[in-house]
Amino acid sequence: MGVACAGALHGGVVLSTSEHIFPGWAGTPLAERLSAELGLPAAVLNDARAAAWGEARLGLGQGVREFMFVTVSTGIGAGLVLDGRLHQAGNGLDAELGLTLAPRAAPASGLRFLEREASGRALDEQARALGFAGSRELCDAAETGHPQAQAAHSRSAFLLAWKLADVGALLGVTRVALGGSVGLRPGYREQVEWALSEMPTRHTPEVVPAALGADAGLIGAALWAREQRA
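Whatever position you read off the sequence shown (first residue = 1), add 858 for our numbering.
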């Protein structure tokens, strides 16, 4: 049995989760508990890492040695495949792109997590401030030329592109598959590509739409479980 789960995990144990997702689950031996309850061997991955593995094995990461999957949705999640292997850190921070730092929007100052500035939740907040119902409506307006919506939309894409270029320089990642409700929008991906075109070309990865869509995590978790039993 393969399981994709939000939060930081290692060895089938939940190390931490955000305050609004699975509160109180830190320290839970999830793989062991599921296996005992259901009578099946269980393999557990973070949901974004599972999606990265699905894309690497059956999607647009096939044949790419250094590959990254990034979901831009409610938050910003990611998974890294390095030298053809899924990267898994002992502290669960395998590819927490959303927890890297970005500058706050003016007039504020200082830094905060990228996903607080560029995710779907961040765009929801900016959308409401501009009179839109949410991030979807803001993105629609940006793609039809609304100047304030365009500014928010472009800033999110620029901040993400900036981090992708850093990952390219640090780890040699050559292709990034974008997923998630925001990341899969062609207009958003085009903005990310435009921002990357303004950065040094040697370490700017190719950006493609995730091929497996919303099923990437399920497929990746199933593949991972099968491969652990092989």
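A virtual CB, placed ideally from N, CA and C, is assigned to each residue, including glycine. As the structure is a computational prediction, the values presented were derived from the model and not from experiment.
DSSP state of I879 mapped onto helix, strand, coil: For the purposes of this step, residue 879 is taken as residue 21 along the sequence shown, with counting starting at 1. Three-state result, I879: coil.
Buried/exposed call for D941, threshold 16 Cβ in 10 Å: Here residue 941 refers to the residue found at position 83 when the sequence shown is read from its first residue. The residue in question, D941, is exposed, as its Cβ has fewer than 16 Cβ neighbours within 10 Å.
C-beta contact flag for A1019 and M1057 at 8 Å: Along the sequence shown, one-based indexing puts residue 1019 at 161. Along the sequence shown, one-based indexing puts residue 1057 at 199. Yes; because the gap between Cβ atoms is below 8 Å, this pair is in contact.
Completely contained beta strand (DSSP E) runs for the segment 1018-1085, where each covers 3 or more residues: 1033-1037 and 1064-1067
Rounded Cβ spacing between G978 and S1039 (contact assumed at less than 8 Å): On the sequence shown, position 120 is the one that residue 978 refers to. On the sequence shown, position 181 is the one that residue 1039 refers to. Going by Cβ atoms, the distance from G978 to S1039 rounds to 6 Å, so yes, they are a contact pair.
Cβ-Cβ distance between G1041 and V922 below 8 Å: Residue 1041 sits at position 183 when you count from the first residue of the sequence shown. Residue 922 sits at position 64 when you count from the first residue of the sequence shown. Cβ distance not < 8 Å, so G1041 and V922 don't count as in contact.
Contact belief for A1009 with E995 at Cβ below 8 Å, rounded distance in angstroms: In the sequence shown, residue 1009 corresponds to position 151, counting from 1. In the sequence shown, residue 995 corresponds to position 137, counting from 1. 15 Å between Cβ atoms; not a contact.
Best match in Q1006, F971, S1012 and G950 for proximity to A987 [C-alpha to C-alpha]: The residue labelled residue 987 in the question sits at position 129 within the sequence shown. Per the Cα distances, Q1006.
Beta-carbon separation (whole angstroms), A953 vs A936, contact threshold 8 Å: To locate residue 953, count along the sequence shown from 1; it is residue 95. To locate residue 936, count along the sequence shown from 1; it is residue 78. With a Cβ gap of about 4 Å, A953 and A936 count as contacting.
Cβ neighbour criterion (16 or more within 10 Å) applied to D1073: In the sequence shown, counting from the first residue as 1, residue 1073 sits at position 215. D1073 is exposed by the Cβ-count criterion.
P1063, buried or exposed, once every other Cβ within 10 Å from all chains shown has been counted against 16: As a first step, residue 1063 is located in the sequence shown; it is residue number 205 there, counting from the start. P1063 comes out buried.
Nearest neighbour of T886, chosen from G897, R962 and A864 [CA to CA]: Here the question's residue 886 lines up with position 28 in the sequence shown. Closest option to T886, Cα to Cα, is A864.
CA-to-CA distance, E895 to A976, given in whole angstroms: What you label residue 976 is simply residue 118 of the sequence shown in a count that begins at 1. What you label residue 895 is simply residue 37 of the sequence shown in a count that begins at 1. Rounded to the nearest angstrom, the two C-alpha atoms are 39 Å apart.
Cβ-Cβ distance between T958 and K1021 below 8 Å: For this step, residue 958 is matched to residue 100 along the sequence shown. For this step, residue 1021 is matched to residue 163 along the sequence shown. It is a contact, given that the beta carbons lie within the stated cut-off.
Buried/exposed call for L1028, threshold 16 Cβ in 10 Å: In the sequence shown, the residue the question calls residue 1028 occupies position 170. L1028 is exposed by the Cβ-count criterion.
Beta-carbon proximity list for L898, same chain, < 7 Å, skipping 5 on both sides: Taking the sequence shown and counting its residues from 1, the one referred to as residue 898 is at position 40. So the list reads M859, once near-sequence residues are dropped.
Under the three-state DSSP convention, the category H1004 falls into: As a working note, residue 1004 is residue 146 in the sequence shown. In the structure shown, H1004 sits in coil (DSSP, three-state: anything other than H, G, I, E or B).
Collapsed DSSP secondary structure at F990 in the structure displayed: On the sequence shown, residue 990 is found 132 positions in, with the first residue counted as 1. Of the three classes helix, strand and coil, the one that applies to F990 here is coil, per DSSP.
Enclosing alpha helix (DSSP H) for R907 [first to last residue]: As a position in the sequence shown, residue 907 is number 49, starting the count at 1. Note, R907: alpha helix (DSSP H), D905 to L916.
Beta-carbon proximity of E913 to A1069, cut-off 8 Å: Within the sequence shown, numbered from 1, the residue matching residue 913 stands at position 55. Within the sequence shown, numbered from 1, the residue matching residue 1069 stands at position 211. In contact: E913 and A1069 (Cβ atoms closer than 8 Å).
When H1004, V902 and M926 are compared against L888, the one with the closest alpha-carbon: For this step, residue 888 is matched to residue 30 along the sequence shown. Comparing Cα-Cα distances from L888 to each of H1004, V902 and M926, the minimum goes to V902.
Short Cβ contact (8 Å threshold) for S805 with L981: Residue 805 cannot be examined here, being either before or after the span of the chain that is shown, 859 to 1088.
Neighbour-count burial assignment, I934, 16 or more Cβ in a 10 Å radius: Stepping through the sequence shown from its first residue, residue 934 is reached at position 76. Looking at its Cβ environment, which holds 16 or more other Cβ atoms inside 10 Å, I934 is buried.
Which of helix, strand or coil DSSP assigns to S931: On the sequence shown, position 73 is the one that residue 931 refers to. The answer is coil: DSSP assigns S931 none of H, G, I, E or B.
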